[in-house]
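These notes are about the structure you will find just below.
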Amino acid sequence: MPEISTPQRPAAPPRRPGARLAWIGRGFLALLATLAVIILARNLIQDPPLFIQIVISGLQLGFVYALIALGYTMVYGIVKLINFAHGDVFMVGSFVSFYAVTRFRLHTWPAAVFPGLPGGWVVVIGALTVMLLSMTTCVALAVTIERVAYKPLRDAPRIAALITAIGVSFFLEFFGALNFVFSPRFIPYQRPFEVVTWYLRDGVHRLTPGTAPPDGSITFSNIFLIILAASVLTQVILQFLVRRTKIGKAMRAASFDKPTARLMGINVDQVISFTFAVGAAFAGLGGVLYAIAYPSIWSQLGILPGLKAFVAAVLGGIGSIPGAFVGALIMGQVEALTMGYISTPMRDAVAFTVLIIVLLVRPTGIFGEPEKEKA
Amino acid sequence: MEFDLGFLLFSVLKIAAVLAWIYGLLWVLGQGSRAVKAAGIVLAFAVIQLALSLPLGGAPLFNDFDQGLLFQACAMAMVVLGLNLIYGFNGQFSLGQWGFYGIGAYAAADVTYRWTGGDASGLLVLGIGVLLGGASILGVNLLLRRFAGMPVLSAFTLYLIGSIAAGAAAVALGAPLSHLVAPLFGTSDTPGVLSSGPALQVVYALAVLFAGIFAAEISFLFGLPVLTLGSDYFGIATLGFTIVVNTLMINSDTILPFPEMKGGRGMIGIPKLTTWFWAFLFLVLILIVMRNLIHSSTGRAIMSVREDETAAKVMGIDVAAYKLLAFVVGSFFAGIGGGVYAHFIGFLSPGTFDFLVGFNPLIIVVFGGLGSMSGSVAASFGWIFFLEGLLRVILGQMGTEAPTWRFVLYPIALLLLMLVRPQGLLGRTEWGFLRAPETARRTPSASEITPASAGR
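From first to last, the protein sequence lines stand for chains A and B.
Once you know that position 307 of the first sequence is 307 in my numbering, the rest is easy, because the numbers rise by one and skip nothing.
Offset between the second sequence (1-based) and my numbering: plus 1000.
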């Protein structure tokens, strides 16, 4: 006689009494957020023009970071490599423009070739030429680095590529510090155009150079406008490139699944090189704009902005292009507001704290997609 | 442009001798009999001690410069062993090791600096602080056992509150206590009991130990939430930690209340207490701890997390706890290394703990071989003696720009190594003592695996 086993009730799920205590952690974060809001709100009420001025300087910083962060996020999205050398490509970009402007006076070529051209056009075409030269040089450099250093290691463990990236970064920094290259000194940077500053008070007025703006006014310069325009423009171009073109489709395919992309007839190596090239072009542009905005350059210029831009990319969700943009703007604001209201040396500390908190709340960044489980 | 070939050859010989010494030390420690081991340790200690002190044809074999390199290499080996535990054995890509090294260095230096100034508050506050901090962490841990499944952020908040309370209590207790013992230091004419040499040696040992524990406790607090992030995110967060620590060092006299650390100008006047005895002792102790940890079931659990987290979880391994354990122990080693470093160099500058320099331990670990303790030690010694010693001097003889050339040449070497041997020089091989013990290495033969034992 077969035994009739009574169907067993499914075991009760393990009790997790700690889950009820999630409010402690949330409360802690809420406390920090409240503190930050209180500090900001108090300062906003105390002196609104100063606050807006700080936000503008933060935006300027953030838009430059956005240009660098794009390269990090694209490269990471496609080869999962923290390309530490990217910041140094950025540095090379600013040095190329420095030599072009100071040594070869490249920005004045339209005036020499077309003597009848109005002054405004000369400046615009000249500055654009300098930027294009920097971008091209950076593209050549980045593609060389990719071919020489990273490509042979594509199937090696990831740490090998990472160590190589650190090595390339050190090489560029210290090779640049040699006297016959860029020299180890800080070099004052000559802008390819004049700075024009406006101030906002009952309308927009142009500030005469050498005078202080009236109290309670907000100033902004043409540098800020150029950086803003360049950053937004590259963002739009990149979105178009990635979403609408064939190579963009190939990039997305390669970042999704390289072996399958290869099977579908995509030349993955070429796509990777192209990704490095696009990132380097934006880094070169960023280098020129950074040097124009903060006109003092040296061979280790790229380290900290590069790092911040990478943090911005992580903050926004690495691999996501809008994420890099948003993350960079947040980083710029965090840095500027910390410098303005807490203390200048603590800006990196606060920036990294914000990063860690954001990652704890959203482990893949603001725009990041949740990681796929290993198959 | 003077180029001294004899010096070059002599330096290369020295590097070879040091590496052979490491191999010999590990070999003799791996011998079965206790007596041989003890004799071996004494011999290994004595050989270097003699080379440091015995004048051989006028000058000792290892001059002051070499002695500095030797101590630096010992400190670096401790840091790198810790990083190997975190990254090589546990698979957590950490760039924070340099920050913990700096914390250990500054904490230990502050204790002995104050002590030699007749002020026991450094030792008392740090000692009471790490003990109370450890007690509070254990207490909160016991409390949290009753709340399974607690979100990590909540746990972190509780640990943080406990640690801050412990720190405040330590400061409150340490100051009056130090006033109490102040008379024991005596005056400059009649030194008291506490200013004597032996007391200073004890304080040094305690300072280094407490600095290590301090670094470990900070790594616990930091690692608890941050280790839940994915590998690269963890790496970038720990890089941020190093940068934050460095920022605090630069502002130690303005943001932090430590005027004696002198912020960015650097802390001077740290008593040079590290002798070969201490450096050797700490290194050997760390080697023994590390070896026993790795070849225990705990060590196998740590390594299983590296191999496959999901599989480890399925085997019932508490992945989060083992990640934290490896991180804390690794940081403890870094803190000890920092204490040793601070007391031979006598001068701490925030530039030493810059995050760019912080890539060095990572590079050394990869150089020696991820997951090879012998590789870590050998690579640390080889690295310091070659890069800081030989290359600096040789290039120094060749021109003014030489220091920069050093950093132009070594990335190229790094690139070549990565191309030729990406698993590092030693791969995962171990030397002598650091090899798995016989009992663990023996795999059961087929006849021994019975269905009953296999099913167990």
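All residues carry an ideal CB built from backbone N, CA and C; glycine is no exception.
- If the five residues before and after glutamine 235 of chain A are omitted, its C-beta is found closer than 6 Å to the C-beta atoms of Phe325, all from its own chain and listed in chain order.
- When only Cα atoms are considered, alanine 253 of chain A and alanine 156 of chain A end up about 22 Å apart.
- Around the beta-carbon of serine 1094 of chain B, 16 or more other beta-carbon atoms lie within 10 Å, marking it buried.
- No Cβ-Cβ contact shorter than 9 Å links leucine 228 of chain A with phenylalanine 51 of chain A.
- Phenylalanine 220 of chain A carries a strand assignment under DSSP once its states are collapsed to helix, strand and coil.
- Straight-line measurement puts the Cα of glycine 279 of chain A at about 14 Å from the Cα of isoleucine 318 of chain A.
- Leaving aside the five residues that flank leucine 301 of chain A on each side, the residues in its chain whose CB is nearer than 7 Å to its CB run, in chain order, Met91 and Ser94.
- Three or more Cβ pairs drawn from the segment 1246-1258 of chain B and the segment 346-357 of chain A lie within less than 8 Å of each other, which places the two stretches in contact.
- Distance between phenylalanine 175 of chain A and phenylalanine 1007 of chain B, taken at the CA atoms: about 27 Å.
- A residue is called buried once 16 or more other Cβ atoms fall within 10 Å of its Cβ, and alanine 1175 of chain B, having fewer, is exposed.
- Put simply, the CB of methionine 74 of chain A is far from chain B, with every gap to its CB atoms at 9 Å or more.
- For arginine 206 of chain A, the pairing in a beta bridge is given by DSSP as A:Trp198.
- When Cβ pairs closer than 8 Å are counted between the two stretches, the segment 1142-1152 of chain B is seen to touch the segment 18-32 of chain A, the count reaching three or more.
- Contact annotation: aspartate 88 of chain A and glutamate 173 of chain A have beta-carbon atoms nearer than 9 Å.
- DSSP places proline 1259 of chain B within a helical segment (H, G or I) once states are collapsed to three.
- The three-state reading of DSSP puts methionine 1267 of chain B in strand, counting E and B together.
- Separation of phenylalanine 1156 of chain B and isoleucine 68 of chain A (C-alpha to C-alpha, rounded to the nearest whole angstrom) is 34 Å.
- Where leucine 172 of chain A is concerned, the enclosing alpha helix (DSSP H) starts and stops at 158-176.
- When C-beta distances to chain B are compared with 7 Å, the residues of the segment 147-161 of chain A below that value are Ala149, Pro152, Leu153, Ala156, Pro157, Ile159 and Ala160, in chain order.
- With fewer than three CB-CB distances shorter than 8 Å, the segment 202-214 of chain A does not count as touching the segment 111-121 of chain A.
- From the beta-carbon of glycine 319 of chain A, no residue of chain B is found nearer than 9 Å; the closest lies around 11 Å away.
- Collapsing the DSSP output to three states places proline 1191 of chain B in a strand.
- Beta bridge pairing from DSSP links leucine 1056 of chain B with B:Ala1059.
- At least one beta carbon of chain B lies nearer than 9 Å to the beta carbon of valine 311 of chain A.
- Annotated as proximal: tryptophan 298 of chain A and phenylalanine 182 of chain A, with beta-carbon spacing under 9 Å.
- Counting the other Cβ atoms within 10 Å of the Cβ of isoleucine 1218 of chain B gives 16 or more, which makes it buried.
- For tyrosine 76 of chain A, the closest C-alpha among the options A:Phe367, A:Ser320, A:Gly340 and A:Leu307 is that of A:Ser320.
- For isoleucine 68 of chain A, not one C-beta of chain B is nearer than 9 Å to its own C-beta.
- Taking a C-beta distance under 9 Å as the contact criterion, glycine 1240 of chain B and leucine 355 of chain A qualify as a contact pair.
- In the three-state DSSP reduction, serine 1178 of chain B falls in the helix class (H, G or I).
- Selection B:Ile1086, B:Lys1323, B:Gly1339 and B:Gly1358 evaluated against threonine 1228 of chain B yields B:Lys1323 as nearest (Cα-Cα).
- Scanning chain B for C-beta atoms nearer than 8 Å to the C-beta of proline 184 of chain A yields Thr1404, reported in chain order.
- Not flagged as an interface residue toward chain B: isoleucine 330 of chain A, since no C-beta distance is shorter than 9 Å.
- In the DSSP secondary-structure assignment, isoleucine 297 of chain A is bridged to A:Ile187.
- Among the residues facing chain B, serine 343 of chain A is included, as its CB has a counterpart in that chain under 9 Å away.
- In the displayed model, glycine 1186 of chain B falls within a strand according to three-state DSSP.
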